[in-house]
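Inspection log for the structure reproduced underneath, given as C-alpha cells.
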Amino acid sequence: MRVKYVLSEVLVGLWRNVTMTIAMIITMAVSLTMLGASGLMYRQVSDMKELYYENIEVSIFLKTDVPAEARDALQVKLDGDPLVEDVVYVDKDEAYQRFQQMFQDAPDLVGAVQADVLPESFRLKLTNPQEYRSIYDQYKDDAAVDEIVDQSALLDKIFNILTAIQNIALAAAAVMAIAALLLVANTIQVAAYSKRREVAVMKLVGASNWFIQAPFVLEAVVAGLIGSLLGLLALVGAKQFLFDGSLQSLQGLLSPVSWGDILIMFPLMAGVGGLVSAVTAWVTLRFYLRV
1 MRVKYVLSEV
11 LVGLWRNVTM
21 TIAMIITMAV
31 SLTMLGASGL
41 MYRQVSDMKE
51 LYYENIEVSI
61 FLKTDVPAEA
71 RDALQVKLDG
81 DPLVEDVVYV
91 DKDEAYQRFQ
101 QMFQDAPDLV
111 GAVQADVLPE
121 SFRLKLTNPQ
131 EYRSIYDQYK
141 DDAAVDEIVD
151 QSALLDKIFN
161 ILTAIQNIAL
171 AAAAVMAIAA
181 LLLVANTIQV
191 AAYSKRREVA
201 VMKLVGASNW
211 FIQAPFVLEA
221 VVAGLIGSLL
231 GLLALVGAKQ
241 FLFDGSLQSL
251 QGLLSPVSWG
261 DILIMFPLMA
271 GVGGLVSAVT
281 AWVTLRFYLR
291 V
C-alpha cells in the first residue's frame, strides 16, 4: 500500500509541475550527454595513444658522407641498447624509394630530388616509446648523428589538443550539471510548497520524514533517469550520423567508436543522473522539513 501510494504521488508530482519537469529533464539530458561524450573521448584518446605509441619509431639521420666505421660503431651501440627493441638501417637508395612512395602524388617534387641527397638513417622501435628523450640525450652528440626525429613530438601536440577538448567538454558538463541541480532543487521546492498542507498533516499524524520525502526524491530520480535515457539516444545518434557517417573517412586516424563503448556510458550517465538528483532532492527537503 505504501509503495503504491509513493509511486502514485511520483506520477502526480511529475505531471503537476510538467513544464519544470520537462526543463529539468532536458537540462539533465544535455549535461549527461556531455558527460557521456567526454567519457567516450577519454576512452578514444587512451586507445589512440596505445595504438600510435605502438607504431612510433625514432629516426636517427646520419651525417653526409659519414665514415663506414662510425656508422657501424653506432649500429653496434644501438643493437646493444636495452631501450631499443629493433634497429633497421636505411641506406640512400631505400630512403629514396620511401620518399617516392610517400610523395607519389607529387611527381614534380620526386623528380627534383636525387637519391644521393637523402641521408642514411637508422629506424628504431623502442621498448618504451615514451623513453624517446633518453635516446635523444644518449645519441645526439654521436659523431655520426646529424638529426634525431621522433614522431611522438607531433603526436604529443595532437594529444594535448584532444585533452584540451576533453577538459572543455567536462567543464561544459559541469556547468550544465550545476544548472540541472538548481532546477532539481527549485522543482522539489515548488512541489513541496504545493503540498505543504498534506505534508503538515502527515507530520502531525506521525509519518516519518523518509515516507514524506520519498515521492519528491523519486520524482527527481525519475527525471534524472529519463535524462540519462535521452543522453544515451543522443550518443547513439552521434555514432550513427557522426562517427559512422561524416567522420567515417577519418577511421584511419581516429580509433572506431563501438556500440559497446556507447552502451558502457549508460550506467555512468544513469548512475550520476539518478544519484545526483536524489541527493539534491534529499538535501532540499531536509531544509524544508525543518521549517
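Residue numbers (the UniProt record's numbering): 1 to 291. Quick reminder that beta carbons are idealized off the backbone N, C-alpha and C, glycines included.
Close-in-space but distant-in-sequence residues of the same chain around residue i (CB under 7 Å, 5 per side omitted)
i           : result
residue 293 : Not covered by the structure: residue 293. The range shown for the chain is 1 to 291.
Thr33       : Gly231, Ala234, Leu235
Tyr89       : Gln75, Phe122
Asp146      : Phe61, Leu62, Lys63, Pro119
Ala220      : Val184, Ile188, Ser277, Ala278, Thr280, Ala281
Ala270      : Leu225, Ser228
Lys49       : Phe159
Residue i classed as buried or exposed, judged by whether at least 16 other C-beta atoms fall within 10 angstroms
i           : result
Pro67       : exposed
Leu218      : buried
Val222      : buried
Leu285      : buried
Met1        : Reliability of the predicted coordinates at Met1 is poor, the pLDDT of 42 falling under 50, and the value obtained from them is presented with this limitation in mind. The residue in question, Met1, is exposed, as its Cβ has fewer than 16 Cβ neighbours within 10 Å.
Leu78       : buried
Gly39       : buried
residue 292 : Since the first residue of the chain shown is 1 and the last is 291, residue 292 is not available in this structure.
Gly260      : exposed
Pro256      : exposed
Gln240      : exposed
Phe287      : exposed
Per DSSP, the bridge partner or partners of residue i
i      : result
Lys125 : Asp86
Ile60  : Phe122, Ile148
Alpha helix (DSSP H) segment containing residue i, residue limits
i      : result
Ser134 : 132 to 139
Lys77  : 68 to 79
Beta-carbon contacts of residue i that lie in its chain and below 6 Å, excluding the five residues immediately before and after
i           : result
Thr280      : Leu181, Val184, Ala185
residue 293 : Beyond the ends of the chain as shown, which are 1 and 291, falls residue 293; an answer cannot be given.
Asn167      : none
Asp150      : Val58, Tyr132
Ala70       : Ala143, Ala144
Own chain partners of residue i with C-beta closer than 8 Å, once the 5 adjacent residues on each side are dropped
i      : result
Val291 : Reliability fails at Val291, whose pLDDT of 42 lies under 50, so the model's placement of it is uncertain and no value is given.
Val45  : Phe159, Leu162, Thr163, Gln166
Ile148 : Val58, Ser59, Ile60, Phe61, Ile135, Tyr136, Tyr139, Lys140
Ala238 : Ala37
Review point. Would you call the stretch 69 to 88 and the stretch 123 to 132 in contact, with 3 or more CB pairs under 8 Å?
Key: Between the stretch 69 to 88 and the stretch 123 to 132 there are three or more C-beta pairs closer than 8 Å, enough to call the two in contact.
Practice item. Could you say if the stretch 209 to 228 and the stretch 273 to 280 meet the contact criterion of at least three C-beta pairs nearer than 8 Å? Key: Judged by Cβ distances under 8 Å, the stretch 209 to 228 makes contact with the stretch 273 to 280, as three or more pairs qualify.
Exercise for review: State whether the stretch 29 to 43 contacts the stretch 170 to 186, with contact taken as three or more CB pairs (one from each stretch) at a distance under 8 Å.
Suggested key: The stretch 29 to 43 vs the stretch 170 to 186: in contact.
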